Amino acid sequence: MTTTARSVRAFAAVLGRDVFVTGRELPSFLAQVLVQPVALLFIFGKVLGQLGYTQPGYAQILLPGMIALNAFLVALQNTSFPLVLDFSYSREIEDRLLAPLPITWVAVEKMLFGALRGLFAALLMFPIGLLMLGSVAWELSGLPFAVLCMVLGSLAGGAVGLTVGAAVPPRRINIMFAVILAPLIFTGASQFPWAQLEDLRWFQVVCAFNPLTYVSEGMRGALLPGIPHMPPWVCVLALVLACLIFGALGIGFFLRRALD
Amino acid sequence: MTAAVDVADLVKRYPKSRHNAVDGLSFRVRRGEIFGLLGPNGAGKTTTVGILTTRIVPTSGKALIGGVDVGRDPVAAKTKVAVVPQRVNLDRSLNARQNLLFHATYHGIGRRERHSLADELLDRMGLADKARARVDDLSGGQSQRLMIARALIHHPEVLFLDEPSTGLDPQARLFLHDRIGDLRSAGITVVLTTHDMDEAQKLSDRVGIVDHGRMLTVDTPNELIRSLPGSGTVDATVHPNGTAAEKITGMLSEIPGVQRVEDLGPPAGTEATERIRLRLYVDGEAGPLLGPVAARLQERAVAVTDLALGSASLEDVFIELTGRDLR
Numbered sequence: 001m002t003t004t005a006r007s008v009r010a011f012a013a014v015l016g017r018d019v020f021v022t023g024r025e026l027p028s029f030l031a032q033v034l035v036q037p038v039a040l041l042f043i044f045g046k047v048l049g050q051l052g053y054t055q056p057g058y059a060q061i062l063l064p065g066m067i068a069l070n071a072f073l074v075a076l077q078n079t080s081f082p083l084v085l086d087f088s089y090s091r092e093i094e095d096r097l098l099a100p101l102p103i104t105w106v107a108v109e110k111m112l113f114g115a116l117r118g119l120f121a122a123l124l125m126f127p128i129g130l131l132m133l134g135s136v137a138w139e140l141s142g143l144p145f146a147v148l149c150m151v152l153g154s155l156a157g158g159a160v161g162l163t164v165g166a167a168v169p170p171r172r173i174n175i176m177f178a179v180i181l182a183p184l185i186f187t188g189a190s191q192f193p194w195a196q197l198e199d200l201r202w203f204q205v206v207c208a209f210n211p212l213t214y215v216s217e218g219m220r221g222a223l224l225p226g227i228p229h230m231p232p233w234v235c236v237l238a239l240v241l242a243c244l245i246f247g248a249l250g251i252g253f254f255l256r257r258a259l260d
Numbered sequence: 261m262t263a264a265v266d267v268a269d270l271v272k273r274y275p276k277s278r279h280n281a282v283d284g285l286s287f288r289v290r291r292g293e294i295f296g297l298l299g300p301n302g303a304g305k306t307t308t309v310g311i312l313t314t315r316i317v318p319t320s321g322k323a324l325i326g327g328v329d330v331g332r333d334p335v336a337a338k339t340k341v342a343v344v345p346q347r348v349n350l351d352r353s354l355n356a357r358q359n360l361l362f363h364a365t366y367h368g369i370g371r372r373e374r375h376s377l378a379d380e381l382l383d384r385m386g387l388a389d390k391a392r393a394r395v396d397d398l399s400g401g402q403s404q405r406l407m408i409a410r411a412l413i414h415h416p417e418v419l420f421l422d423e424p425s426t427g428l429d430p431q432a433r434l435f436l437h438d439r440i441g442d443l444r445s446a447g448i449t450v451v452l453t454t455h456d457m458d459e460a461q462k463l464s465d466r467v468g469i470v471d472h473g474r475m476l477t478v479d480t481p482n483e484l485i486r487s488l489p490g491s492g493t494v495d496a497t498v499h500p501n502g503t504a505a506e507k508i509t510g511m512l513s514e515i516p517g518v519q520r521v522e523d524l525g526p527p528a529g530t531e532a533t534e535r536i537r538l539r540l541y542v543d544g545e546a547g548p549l550l551g552p553v554a555a556r557l558q559e560r561a562v563a564v565t566d567l568a569l570g571s572a573s574l575e576d577v578f579i580e581l582t583g584r585d586l587r
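So the protein sequences, as listed, match chains A and S.
Numbering-wise, the numbering used here puts 193 at position 193 of the first sequence, and it's gapless, one number per residue.
For the numbering used here, add 260 to where a residue sits in the second sequence, where the first one is 1.
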């Protein structure tokens, strides 16, 4: 058997292991990915709206953003957290590193699997959002592009997660949430349309560095074309670039951790 | 026939380090052999095993497993090696049997074969009733046996065992030694790194002693012990009767056939003025020297309270080669 065929088979087996484990831990996985976005959607979309503190229609802007947030952030978290633990105390990853496939492929598998979890979490937000908000006024012809953004967003989240997970030393994991995740959540244009930030230029510039902004803008622009948004091609280009840059960076860090 | 492990002029220098962790190491392990790799902490054993198992990239030199260059073709090398590390690295999300099954799947072993192999190995390792146990619920010895089962399920040519009996109770240790013995009959090459000299002496066909990243010697345990200058010993406990210890060791060293004399200090609970223990390393047979030793001590009015024959062990060889200094 050739080395490539053997590696492909091992890659599929390693991915199969992760899918199997997720299946067994489904309830805790669902809790992990749904509680936060559902709570955000409920408070900002439902409660504040009913109390009259947000304009009617804000919930409509929020929903595509929450789907984007889930795709990007769940992918990021599900790649980075297990990796930090794997490389420190559990050492479980050693079994995968000694499987007959190149170590680069193990890194790609981690990224891809995180992205799959992100995509799954994002898809779950569709029915939940519909149920919570009652009705949505989406432009259905924009759905394929929205899905494209969601896929790219999950992959970008996995790539950033690989970079963070392989770069953060285990004793720093507790500050990871404060200094990495929280800023990403609030600078990703998932709660506001980026294109309308003209009067807050510095913040607009800050948001442009967050890959999540392009997922949110891409999805919102496709589903709610009436809301000011970034040109679709900018979103796709930025997300592809984010995947490539963070993917390469993450693989580099991963190799540095896995090989001496 | 190609050697199971072939290491030549291997060098590893870690970034930011001033010394080579492995410094021109060379040795060969024959197929089906149990090879003990011994050395003090920091001698370069772990780095060497890391290179052979593709986890550490060598700076220069050659490292082959079953003829495959581990640096050039790590994927092929990984099908030929298996590692049982000192620290448990089992997959905590899976139960004992699943750990074996998924590992076999990574290595492309067919469904039917991996299921029967998993059951057979669990049985052989005394874990049949633990098949569905969570990894966290296994004892130290059970985890280790499961790691050995996992290592064997993909039919490796070379198995690396790192400090296999650390922290095991005597029963588990004996069981483990028997299983390692079984591997020899199964034709699997084993490279054992250990600090336990008795274990190395008992299990290994040959041992290599490494220090400062270099191989100091490679031979069978018996041959190494025989080659030790003064491989036979005479242990004496004496009452000095006022004679200084240095004087006693000095006069005993003059006896023909005695290589050197080591002062082991007073026995526990006694003063050096009361009693001291001495070890005499001798050239040939130790037995015939008992008489002359007793006679010489008698001449100087040093009372002998105990005189016994001892034999050198692998530990003596190890200390002789690597010194007594703490690392």
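Glycine residues also receive a C-beta, built at the ideal position from the N, C-alpha and C atoms.
What you are looking at is a predicted structure, and each value in this text was computed from that prediction instead of being measured.
Q: Please classify residue 11 of chain A: is it buried, with 16 or more other beta-carbons within 10 angstroms of its beta-carbon, or exposed?
A: buried
Q: May I ask you to list the residues that DSSP assigns as paired with residue 419 of chain S?
A: S:342, S:450
Q: Use the C-beta contact count for residue 483 of chain S: other C-beta atoms within 10 angstroms, 16 or more gives buried, fewer gives exposed.
A: Here residue 483 of chain S is exposed, its C-beta having fewer than 16 other C-beta atoms within 10 Å.
Q: Alpha carbon to alpha carbon, how far is residue 542 of chain S from residue 310 of chain S? Give it in angstroms, no decimals.
A: 40 Å
(Q) On the criterion of 16 or more Cβ atoms from any shown chain inside 10 Å, does residue 316 of chain S qualify as buried, or is it exposed? (A) buried
Q. What did DSSP end up calling residue 523 of chain S once you bin it into helix, strand or coil?
A. In the structure shown, residue 523 of chain S falls within a strand segment according to DSSP collapsed to helix, strand and coil.
Q. Buried or exposed: which applies to residue 272 of chain S, given that a residue is buried once 16 or more other Cβ atoms fall within 10 Å of its Cβ?
A. The residue is buried, with at least 16 neighbouring Cβ atoms inside 10 Å.
Q: Select from S:554, S:509, S:560, S:363 the residue whose C-alpha is nearest the C-alpha of residue 520 of chain S.
A: Out of S:554, S:509, S:560, S:363, S:509 has the C-alpha closest to the C-alpha of residue 520 of chain S.
Q) With a cut-off of 8 Å, does the C-beta of residue 405 of chain S fall near any C-beta of chain A? A) Judged by the 8 Å Cβ criterion, residue 405 of chain S is not in contact with chain A.
Q) For residue 350 of chain S versus residue 474 of chain S, is the C-beta spacing smaller than 8 Å? A) no
(Q) Spatial neighbours of residue 573 of chain S within its chain, please: C-beta separation below 6 Å, excluding the five flanking residues on both sides. (A) none
Q: Could you name each continuous alpha helix (DSSP H) segment of 4 residues or more that falls completely within the region 327 to 413 of chain S, going from the start of the chain to the end?
A: When DSSP assignments are scanned along the region 327 to 413 of chain S, the uninterrupted stretches of alpha helix (DSSP H) that are 4 or more residues long and fall wholly within it turn out to be 334 to 340, 356 to 366, 371 to 384, 400 to 412.
Q) In whole angstroms, what separates the C-alpha of residue 348 of chain S from that of residue 181 of chain A? A) 31 Å
Q.
Can you pull the chain A neighbours of residue 365 of chain S, defined as C-beta to C-beta under 8 Å?
A. Simply 13, 16, 17.
Q. Residue 265 of chain S CB to nearest chain A CB: under 8 Å?
A. Chain A, which has no Cβ nearer than 8 Å to the Cβ of residue 265 of chain S, makes this no.
Q) With 8 Å set as the bound, which would you pick, yes or no: does the beta-carbon of residue 33 of chain A sit closer than that to a beta-carbon of chain S? A) no
Q | CA-to-CA distance, residue 469 of chain S to residue 579 of chain S, given in whole angstroms | A | 10 Å
**Q.** Cross-chain neighbours of residue 92 of chain A in chain S, by beta carbon under 9 Å
**A.** 349, 350, 351, 352, 353
Q) When DSSP labels each residue in this structure, what does residue 276 of chain S get in the three-state scheme? A) It is coil, neither helix nor strand.
Q.
Along the region 395 to 424 of chain S, where does the CB come closer than 7 Å to a CB of chain A? Name the residues.
A. none
Q: Identify each residue in the region 309 to 328 of chain S for which the Cβ-Cβ distance to at least one residue of chain A is less than 8 Å, and report them in chain order.
A: Under the 8 Å Cβ criterion, the region 309 to 328 of chain S contributes 310, 313, 314, 315, 316, 317.
**Q.** First through last residue of the beta strand (DSSP E) which encompasses residue 541 of chain S
**A.** 536 to 542
Q. In chain order, which alpha helix (DSSP H) runs of at least 4 residues are fully inside the region 201 to 244 of chain A?
A. With a minimum length of 4 residues, the continuous alpha helix (DSSP H) runs that stay inside the region 201 to 244 of chain A are 201 to 208, 211 to 223.
Q.
Run through chain S and tell me which residues come within less than 8 Å of residue 102 of chain A, C-beta to C-beta.
A. 334, 335
Q | Which of helix, strand or coil DSSP assigns to residue 425 of chain S | A | coil
Q) What do you get for residue 355 of chain S, buried or exposed, if any count of 16 or more other CB atoms within 10 angstroms of its CB means buried? A) buried
**Q.** Whole-angstrom distance between residue 203 of chain A and residue 40 of chain A, CA atom to CA atom
**A.** 21 Å
Q.
For residue 529 of chain S, would you say it is in contact with chain A, using Cβ-to-Cβ distances shorter than 8 Å as the test?
A. no
(Q) I need the DSSP call for residue 17 of chain A, collapsed to helix, strand or coil. (A) When DSSP states are grouped into helix, strand and coil, residue 17 of chain A belongs to the helix group.
Q) Out of curiosity, what's the CA-to-CA distance linking residue 499 of chain S and residue 575 of chain S? A) C-alpha separation (whole angstroms): 28 Å.
Q) Looking at C-alpha atoms only, which residue of A:177, A:220, A:170, A:66 is the closest neighbour of residue 194 of chain A? A) Of all alpha-carbon atoms in A:177, A:220, A:170, A:66, the one lying nearest the alpha-carbon of residue 194 of chain A is that of A:220.
Q: State yes or no: is the C-beta of residue 45 of chain A within less than 8 Å of the C-beta of residue 133 of chain A?
A: In contact: residue 45 of chain A and residue 133 of chain A (Cβ atoms closer than 8 Å).
Q: On a CA-only basis, which of S:353, S:296, S:368 is nearest residue 423 of chain S? Give me that one, please.
A: S:296
Q) Which whole-angstrom value describes the C-beta separation of residue 335 of chain S and residue 3 of chain A, a residue pair presumed to lie in contact below a C-beta threshold of 8 Å? A) So it is a contact: roughly 5 Å between Cβ atoms.
(Q) Do residue 69 of chain A and residue 146 of chain A count as a contact pair if the criterion is CB distance below 8 Å? (A) no
Q) In angstroms, rounded to a whole number, what distance separates the CA positions of residue 110 of chain A and residue 581 of chain S? A) 46 Å
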